[in-house]
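These notes are about the structure you will find just below.
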Amino acid sequence: MRALRWAVTALAVPVVLVALWTLAAEITRNIYWPSPPAILGAFGPTWLEGRLSSDVLPSLGRLLVGFIAAVAIGTALGLLVGSSRRLRLFTEPVFELFRAIPPPVLVPIVMLFTGIGAGMQITVIAFGCVWPVLINTIEGVRSVDLTQLDTARTYRLGGLRRLVSVVIPAASPRVFVGARQALSIGIIMMVISEMFASTNGIGFNIIQFQRLFQFREMWAGIVLLGIIGITANLLFRFVERRVLRWYVGMQRQEK
1 MRALRWAVTA LAVPVVLVAL WTLAAEITRN IYWPSPPAIL GAFGPTWLEG RLSSDVLPSL
61 GRLLVGFIAA VAIGTALGLL VGSSRRLRLF TEPVFELFRA IPPPVLVPIV MLFTGIGAGM
121 QITVIAFGCV WPVLINTIEG VRSVDLTQLD TARTYRLGGL RRLVSVVIPA ASPRVFVGAR
181 QALSIGIIMM VISEMFASTN GIGFNIIQFQ RLFQFREMWA GIVLLGIIGI TANLLFRFVE
241 RRVLRWYVGM QRQEK
């Protein structure tokens, strides 16, 4: 009964919005604003039949590579900087400077060095994703309980073993917070990088459909991005719950 109530509550607003959208589209007959049934009819032939292997999968592959690279770089650099107060004081102004730069602005600059292709798109995705991971990792390392660190020193745990046994587990919840923020940024950067300069991908095709006045196909691409975002978030939450099972259990005990 509770699950049914949750499902009804979660689906009520989307169903109402789709119904209103359909009604407005049927009344106005605006070519720029097709109805959901028309968009749904164009979804399969546009994205699942002709462009799944040539555009959708390459976009997802670039997103995955850029996201993983950003998480690896941001976590490693965050552990290093967060563990050293002196290093943090030196690097904080630089991090804040680059963090303030909107990643889309760097697309033309990156193109000068990498050219047009997957390398440019992966670089832009990684640059946009790395900052939430980096900042949250630094804060996670700084928030490690000093009692835990003193206990590790009392038991004469070496630097590497202390890092693996104490610092990384304590900072991992903040790392996952940064990674979740980075995931949504990565999807945005994937689309923007393909809109700037690309010969394939979801963003490239959305722009092409807009230029050719194929608005049903364009809206179908936007729906596809929404589906990708929801699916990626669900997969991320599944991995997060598995990795941070101890942390979730601890929070439940505190409540």
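full-length UniProt numbering applies: residue 1 is where the sequence shown begins, and numbers increase by one.
We put the CB at the ideal spot given by N, CA and C, even for glycine.
Residue i, enclosing alpha helix (DSSP H) - first and last residue
i      : result
Arg29  : That residue, Arg29, is in no alpha helix (DSSP H); it is neither H nor E in DSSP.
Thr46  : Careful: Thr46 lies outside any alpha helix (DSSP H) and carries neither H nor E.
Ser59  : Leu57 to Gly82
Trp131 : Ala118 to Arg142
Val110 : Val107 to Thr114
Pro93  : Arg85 to Ala100
Beta-carbon proximity of residue i to residue j, cut-off 8 angstroms
i           : j      : result
Met218      : Phe209 : yes
Ala171      : Cys129 : no
residue 256 : Ala179 : Within the shown structure, residues of the chain are numbered from 1 to 255, placing residue 256 beyond reach of any answer.
Gly186      : Ile202 : no
Val81       : Thr91  : yes
Chain D contact for residue i (CB, 8 angstroms cutoff)
i      : result
Val105 : Here chain D cannot be found, since the structure has a single protein chain.
Unbroken stretches of the alpha helix (DSSP H), 4 residues or longer, contained in the stretch 197 to 226
Whole alpha helix (DSSP H) segments, 4+ residues: 202 to 211.
Do three or more CB pairs link the stretch 108 to 127 to the stretch 58 to 70 at distances below 8 angstroms?
The stretch 108 to 127 makes contact with the stretch 58 to 70; the number of CB pairs closer than 8 angstroms reaches 3 or more.
Cβ contact check for the stretch 131 to 147 and the stretch 49 to 56: 3 or more pairs under 8 angstroms:
Verdict: no, contact absent.
> Does the count of Cβ pairs from the stretch 185 to 198 and the stretch 16 to 32 closer than 8 angstroms reach three?
Replying inline: With fewer than three CB-CB distances shorter than 8 angstroms, the stretch 185 to 198 does not count as touching the stretch 16 to 32.
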